[in-house]
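Inspection log for the structure reproduced underneath, given as C-alpha cells.
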C-alpha cells in the first residue's frame, strides 16, 4: 500500500509524534539530532520528506515556512518510521505470544527477567503477535490504520513484516504472497537493476587484489601516523579481504533493494517521485525495504548453515572461499556475522 486513502487523518499526528520524540542538539530545540541511530534517522528523513525540515550534517532543522510536498512519501515508509521511533524510545514493546517481554528486551532496558509490565494493549491478529504501546502512540497507530478495536489490522501485516519483531518468530517465507513477490522481483527485474546486481554478486580475483592493496595502504598510513606498536590488526590475507568484500557487497545489495523495491508494488519506477523516499540511511536499510531486500547471500561453496529464524540472521560461522555470490532465499535481514538483531 503506497498511500493511505486519507493522509489528512495521519499527517498531523505523525508530525507531532516525530517532532516530540527526536533528540535535539540544544535546549532551544532548534535542530533535531539523529545521533547516527536508525530510528532517529528515519524520523529526520520523514520530516524532510514531509516538507517540515531541511537536512543538516547531524539530522534536520525545522523550516521557517513548512509546507507539505505535492507528492507525499509512501504511507508504508511513514508507518515503519513511526514504529521504529516508538520502539527506540521505549514507547512500543513487541511481546512474546504469552504477553511477556522477551529476555533480550528486558536486558536491553536493564530490567530483570519477569518484571511486571503493563499487559499488551494490541492483540494478536492476522498472524501478528501482541504488543504494548504507550498512550501517546496508540492514536498515531490508529490514524495510520495499523490498529483498530485493540488489534492489528490486515493492512499492518506487510508493514510489520518489514520490522519482523523477533518476539513473534514470523515465518514470512512460508507466506504465499511473499513467494509471489520474490518471483516477481526476479522475473520483472528492470535491466538497469539486473546489470547492477550482476556486478555486485561477482567477486573476481582482481577485486580481491585491489581490496588487498587498499587495506594494506590504509594500515601503512595508520602505522606512519600513530607508530607501528600502536596499530594492531589481524594479518591481511586474500581470504580475509574476500570475506570483507562479501560483507560490503551484502550491504550494497541490501541498498539496491532498499532504494528501488517495495512489497507488494515490486520494483519502483523512476517516475514514482517520492515513492523512492528512503525512510532511513546507511544505518539500517533492511528495516525499510521489505522482505525481498533481506536476501540471504551465500556463496557457490555454500555456508551450509541454515538461517536462524529466531534472530532472522543467517549462520555465517563457516568460512568459504568464494568467487561468486548468489542469492539463495530472502527471509531475513542482511547483516555481517555477529551483528546483533536490529543493526
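Numbering (full-length UniProt numbering), first residue to last: 1 to 343.
Positions of the beta carbon are idealized from the N, C-alpha and C atoms, including for glycine.
Item                                                                                                                                                                                : Value
Do the stretch 256 to 266 and the stretch 184 to 196 make contact, defined as three or more Cβ pairs closer than 8 Å?                                                               : yes
Taking three-plus beta-carbon pairs below 8 Å as touching, is the stretch 39 to 48 in contact with the stretch 123 to 134?                                                          : no
Going by C-alpha to C-alpha distance, which of 77, 55, 133 sits closest to residue 90?                                                                                              : 133
To which residues does DSSP link residue 33 through a beta bridge?                                                                                                                  : 59
State the DSSP-derived secondary structure class of residue 131, mapped to helix, strand or coil.                                                                                   : strand
Less than 8 Å between C-beta atoms, sequence neighbours within five positions excluded: which residues of the same chain meet that for residue 67?                                  : 51
DSSP three-state call for residue 137: helix, strand or coil?                                                                                                                       : coil
Measuring straight from C-alpha to C-alpha, what distance separates residue 80 and residue 14?                                                                                      : 12 Å
Once you ignore the five residues that flank residue 244 on each side, which residues in its own chain have a CB closer than 8 Å to its CB?                                         : 211, 215
Where does the unbroken beta strand (DSSP E) through residue 84 begin, and where does it stop?                                                                                      : Note, residue 84: premise wrong, no beta strand (DSSP E); alpha helix (DSSP H) at 75 to 88.
Out of 61, 200, 98, which has the shortest C-alpha to C-alpha gap to residue 255?                                                                                                   : 200
Of the residues 236, 191, 242, which one's Cα is nearest the Cα of residue 202?                                                                                                     : 242
Apart from the five residues just before and just after residue 85, which ones in its own chain have a Cβ nearer than 6 Å to its Cβ?                                                : 21, 39, 43
Within 10 angstroms of the Cβ of residue 163, are there 16 or more other Cβ atoms? Answer buried if so, exposed if not.                                                             : buried
Per DSSP, which one or two residues make a beta bridge with residue 122?                                                                                                            : 131
Can you tell me which residues form a DSSP beta bridge with residue 152?                                                                                                            : 147
Can you tell me where the beta strand (DSSP E) with residue 93 in it begins and where it stops?                                                                                     : 92 to 94
Under 6 Å: does the beta carbon of residue 105 sit that close to some heavy atom of the ligand COA?                                                                                 : Within the structure as shown, the ligand COA is missing, as the structure has no ligands at all.
Look up residue 266 in the DSSP assignment and give the residues it is bridged to.                                                                                                  : 262
Based on the DSSP secondary-structure assignment, which residues constitute the bridge partners of residue 24?                                                                      : 32
Under 8 Å: do the stretch 29 to 37 and the stretch 53 to 70 share three or more Cβ pairs, one atom per stretch?                                                                     : yes
DSSP on residue 106, reduced to helix/strand/coil?                                                                                                                                  : helix
Leaving out five residues before and five after residue 92 in sequence, what residues of the same chain have Cβ atoms less than 8 Å from its Cβ?                                    : 83, 86, 131, 132, 133, 134, 137
Leaving aside the five residues before and after residue 101 along the sequence, list all residues of the same chain whose C-beta is less than 7 Å from its C-beta, in chain order. : 93, 95, 117
Does the distance from the CB of residue 129 to the CB of residue 168 come in under 7 Å?                                                                                            : yes
So, for residue 223: in the same chain, excluding its five sequence neighbours on each side, which residues have a beta-carbon less than 7 Å away from its beta-carbon?             : 231
Can you list, in chain order, the residues of its chain with a C-beta nearer than 7 Å to that of residue 233? Leave out the 5 residues immediately preceding and following it.      : 219
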